[in-house]
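So the structure is just underneath, and the comments pick up after that.
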Amino acid sequence: MVTRKARRGRSWLLLLLILPFIATLWPPFYNMLTPDLAGIPFFYWYQLLWIVITAILTAIVYAADA
Numbered sequence: 053m054v055t056r057k058a059r060r061g062r063s064w065l066l067l068l069l070i071l072p073f074i075a076t077l078w079p080p081f082y083n084m085l086t087p088d089l090a091g092i093p094f095f096y097w098y099q100l101l102w103i104v105i106t107a108i109l110t111a112i113v114y115a116a117d118a
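Letter by letter, the sequence shown follows residues 53 to 118 of the numbering used here.
Laid out in structure tokens, this is it:
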């Protein structure tokens, strides 16, 4: 059984999962055409980058909980 103190210590890890939510739902962060990456506009590669970042953050939170 996990004690209340141990859960409180890991709660900051769960806050990492808020980052992708904020970064993709706040349009001023990515509402631009430049810079482009290999001809791909910023809007598209920014969104794809956050898919990878979200997967990594989810893995970190999952591993820390195990």
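C-beta atoms are modelled at their ideal positions from N, C-alpha and C, and glycine is treated no differently.
These figures come from a predicted structure and were not determined experimentally.
Q) Pro87 and Phe94 look like a contact to me (Cβ under 8 Å); what is the Cβ gap, rounded to whole Å? A) Their Cβ separation, rounded to whole angstroms, is 6 Å, which keeps Pro87 and Phe94 in contact under 8 Å.
(Q) Out of Ala107, Leu85 and Leu89, which one is the CA nearest neighbour of Leu71? (A) Ala107
**Q.** Nearest-angstrom Cα separation, counted from Ala75 out to Val104
**A.** 13 Å
**Q.** Cβ-Cβ distance between Leu69 and Ala116 below 8 Å
**A.** Between Leu69 and Ala116, the C-beta gap is not smaller than 8 Å, which leaves the two residues out of contact.
Q. Is the CB-CB distance between Leu89 and Trp97 below 8 Å?
A. yes
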